[in-house]
Every structure is written in structure tokens, then in C-alpha cells.
Amino acid sequence: MRHLPYFCRGEVVKGFGRGSKELGIPTANFSEQVVESFPSDISTGIYYGWACVGNGDVHKMVLSIGWNPSYKNIKKSVETHIIHTFKDDFYGEILSIVIVGYIQSEKNFSSLEALISAIQEDIEEAKRQLDLPEHFKLKDDNFFHLPEGKTVNR
Ligand code: ADP
Ligand code: MG
Numbered sequence: 203m204r205h206l207p208y209f210c211r212g213e214v215v216k217g218f219g220r221g222s223k224e225l226g227i228p229t230a231n232f233s234e235q236v237v238e239s240f241p242s243d244i245s246t247g248i249y250y251g252w253a254c255v256g257n258g259d260v261h262k263m264v265l266s267i268g269w270n271p272s273y274k275n276i277k278k279s280v281e282t283h284i285i286h287t288f289k290d291d292f293y294g295e296i297l298s299i300v301i302v303g304y305i306q307s308e309k310n311f312s313s314l315e316a317l318i319s320a321i322q323e324d325i326e327e328a329k330r331q332l333d334l335p336e337h338f339k340l341k342d343d344n345f346f347h348l349p350e351g352k353t354v355n356r
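Count along the sequence shown from 1, add 202, and you get the number used in the working numbering.
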């Protein structure tokens with residue numbers, strides 16, 4: 203997959219309230235500006251990688267790049283589900299991520315149950331992949347130790 207690993211940092215904003223949290227799978231949404239800085243030819247679908255909120259710990263994550271319903275699906279959205287239980291929401295904080303690998307393209311599901319179980323499988327796949335040495339080493343990348351001001355992609 204082209205562009206990977208992909209490093210990115212930006213503010214967590216309010217999403218479009220699709221109720222991810224109610225499904226038990228909250229997704230931290232990046233602002234439109236951050237999404238526009240992504241390569242325009244990056245594939246939509248489900249990815250895995252590492253994520254860190256502010257200067258907190260680095261956790262495993264699954265990420266979806268999809269079409270943004272707020273813009274009639276002509277713009278993309280980038281949403282990160284961090285595989286960790288947080289005590290509080292972190293809207294307005296800086297989220298740093300490295301996208302490491304691709305799991306699968308976006309699919310439509312016939313029921314909520316089918317959707318949730320597919321996401322659970324993606325999460326399990328992400329956990330397995332990120333334990334592989336070549337993926338695990340990115341957890342300690344210097345990117346996660348840079349000052350927050352450096353909102354660079356590279
Ligand atoms: P929204 O539509 O505003 O994105 P969500 O239901 O997707 O709402 O919930 C996302 C918010 O939940 C994040 O912005 C963050 O503040 C909070 N949150 C709490 N735990 C997590 C987590 N493990 N991964 C991602 N976001 C989380
Ligand atoms: Mg969300």
C-alpha cells in the first residue's frame with residue numbers, strides 16, 4: 203500500500219454523531235484541514251496503527267478513512283478508534299497517529315450486529331498485526347516524542 207507508514211498529527215474535533223460511542227466504538231475525528239492534508243489518492247477503508255493523545259501513552263488503533271456525510275460524501279473523513287479505555291473524552295486534544303497497514307475496504311452491512319462484529323474482527327486483526335516486530339517498532343518512533351507544535355506529515 204502506497205503512503206504507508208503515514209505519520210499525522212492534529213486536533214480531535216466533534217464528528218457527525220453517527221453514534222460510534224453508543225456502539226462501544228468511539229472514533230476520534232480529525233478536522234477537515236487535517237483530512238485535506240492526506241494524500242488525495244489514499245484508499246478508503248480500514249487501517250491499523252499506533253496512536254497517542256497529547257503526550258500520553260502510545261496505544262494500538264484502528265482507523266477508518268471514509269466518505270464524509272456532512273459534505274455529501276465528496277470529502278473524506280478520518281476517524282481513529284484507540285484500543286484503550288479512556289476515563290474522559292479528549293475533544294480539542296492533539297492526536298498523533300502512525301498508520302501502519304491496511305485491513306480491508308469499506309463494506310456495507312445488513313445489520314448493526316454484522317457491523318459491530320466486523321469491527322471487532324478488525325480490532326483483533328490490528329492487535330495481531332501490531333505485535334509483529336516490524337510493526338511493533340513504530341510504537342517507539344521519535345514522532346511520538348516530538349513537541350506538539352510540530353504538526354508535520356512525513
Ligand atoms: P463524534 O461523532 O464526535 O466523533 P464518537 O461517538 O465517535 O463521537 O466519539 C468520539 C469521541 O470519544 C472522541 O473524540 C474522544 O473524545 C472520545 N473517546 C473516548 N475513548 C475513545 C477511544 N478509545 N478512541 C477514540 N475516541 C475516544
Ligand atoms: Mg467519531
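Heads up, the beta-carbon is just placed ideally off N, CA and C, and yes, glycines get one too.
Since the structure is predicted, the reported quantities are computational estimates derived from the model, not experimental observations.
List the endpoints of the continuous alpha helix (DSSP H) containing residue i.
{"i": "His-337", "result": "335-338"}
{"i": "Leu-314", "result": "314-332"}
{"i": "Glu-238", "result": "234-238"}
With a threshold of 7 Å (Cβ to nearest heavy atom), would residue i be considered close to the ligand ADP?
{"i": "Gly-251", "result": "no"}
{"i": "Arg-211", "result": "no"}
{"i": "His-358", "result": "Since the first residue shown for the chain is 203 and the last is 356, residue 358 is missing from the structure and cannot be characterised."}
{"i": "Asp-291", "result": "yes"}
{"i": "Gly-256", "result": "no"}
{"i": "Val-236", "result": "no"}
{"i": "His-286", "result": "yes"}
{"i": "Gly-303", "result": "no"}
Take the Cβ of residue i as the centre, count every other Cβ of all protein chains shown within 10 Å, and call the residue buried at 16 or more, exposed below.
{"i": "Phe-346", "result": "buried"}
{"i": "His-283", "result": "buried"}
{"i": "Leu-225", "result": "exposed"}
{"i": "His-286", "result": "exposed"}
Just to confirm the assignment, what range does the beta strand (DSSP E) spanning residue i have?
{"i": "Leu-265", "result": "260-269"}
{"i": "Arg-220", "result": "Here Arg-220 belongs to no beta strand (DSSP E), and DSSP marks it neither H nor E."}
{"i": "Tyr-293", "result": "Tyr-293 -> no beta strand (DSSP E), and no H or E assigned at all."}
{"i": "Glu-251", "result": "First, the amino acid is wrong: residue 251 is Gly here, not Glu. Counting along the chain, the beta strand (DSSP E) containing Gly-251 begins and ends at 247-255."}
Spell out the partners DSSP gives residue i in its beta bridges.
{"i": "Lys-278", "result": "Trp-269"}
Shell residues, 6 Å Cβ cut-off relative to heavy atoms of the ligand MG: Gly-217, Ser-222, Thr-229, Asn-231, Glu-281
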